[in-house]
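Before any comments, here is the structure.
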Amino acid sequence: MSRQTKRCIKFGSFVLLTLYIAVLIYVCFFSEDYGRDVITSYYRYNLIPFKEIRRFYIYRDVVGIRAFLANLFGNVLAFMPYGFFMPILRPKLRRMNRMFLAAFLLSLTIEITQLLTRVGSFDVDDLILNTAGGIAGYLLFYIMNKIRSKWDGA
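One gets my numbering by counting positions in the sequence shown from 1 and adding 448 to each.
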């Protein structure tokens, strides 16, 4: 792969990651669709792993399948771009343990900010699902990078 191609890929990844972060901030802190336009006078949080996931599953007929899928898969899908683009931009994040830590820390930052600003809620389940999404994005990057390196070597 030429140096010019690598630069184009990095620039494109930077632009897409920047757009992704802007959308992520909007959804996490400002989106009316997710109730982020209301600042509560009390703290809302869940510190019990899998409590909300289990609740959404048990009451999926009540909350609706859309809400159930949005809660479960939305959090995973929301962090996949981060796990995919960061190793392209930061070669130090090309190791799974480092990408795991980076995804966890970004998710923790969002959750703590939601708790302190009282917009949204701190949910350990979101932390688990977001981190899983970051790792899923990293695995997609890893597989595509392996395919690319075999293709370049052929």
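Backbone N, C-alpha and C define an ideal beta-carbon position, used for all residues, glycine too.
The structure displayed is predicted, hence computed values, not measured ones.
To which residues does DSSP link residue i through a beta bridge?
i	result
D571	N494
Kindly list the residues whose CB is nearer than 8 angstroms to the CB of residue i, restricted to its own chain and excluding five residues on each side of it in sequence; keep chain order.
i	result
K540	R546
L556	L575
Under 7 angstroms, do residue i and residue j count as touching if we go by C-beta distance?
i	j	result
S569	R492	yes
V567	L495	no
G585	G531	yes
F462	P535	no
F498	G581	no
Looking at C-alpha atoms only, which residue of the options is the closest neighbour of residue i?
i	options	result
F504	F516, P497 and F498	F516
G523	I558, M449, R542 and V511	Per the sequence shown, the amino acid found at residue 523 is Asn instead of Gly. The residue with the shortest Cα to Cα distance from N523 is I558.
T579	M592, C476, R596 and L549	L549
L465	I595, I506, L525 and P529	P529
A551	S489, N519 and L587	L587
L525	R543, R451, L472 and Y507	L472
I583	C456, R542 and D509	R542
M544	L467, I591 and K458	I591
Q603	S489, K454, L467 and R455	In the structure displayed, the chain extends from 449 to 602; residue 603 sits before or after that span and is not available.
N593	E480, I469, F533 and L564	F533
F478	R455, T565 and A518	T565
With a cut-off of 8 angstroms on the beta carbons, I'd call residue i and residue j a contact; round off their distance for me.
i	j	result
D574	M449	Not really, about 37 angstroms apart at Cβ, beyond 8 angstroms.
L554	K458	The pair is not a contact, with the Cβ atoms about 20 angstroms apart (cut-off 8 angstroms).
L520	I506	Contact flag wrong, Cβ pair sits at about 13 angstroms.
Below 6 angstroms CB to CB, which residues in the same chain sit around residue i once its five sequence neighbours on both sides are set aside?
i	result
C476	I558
L577	N523 and V524
R508	F516
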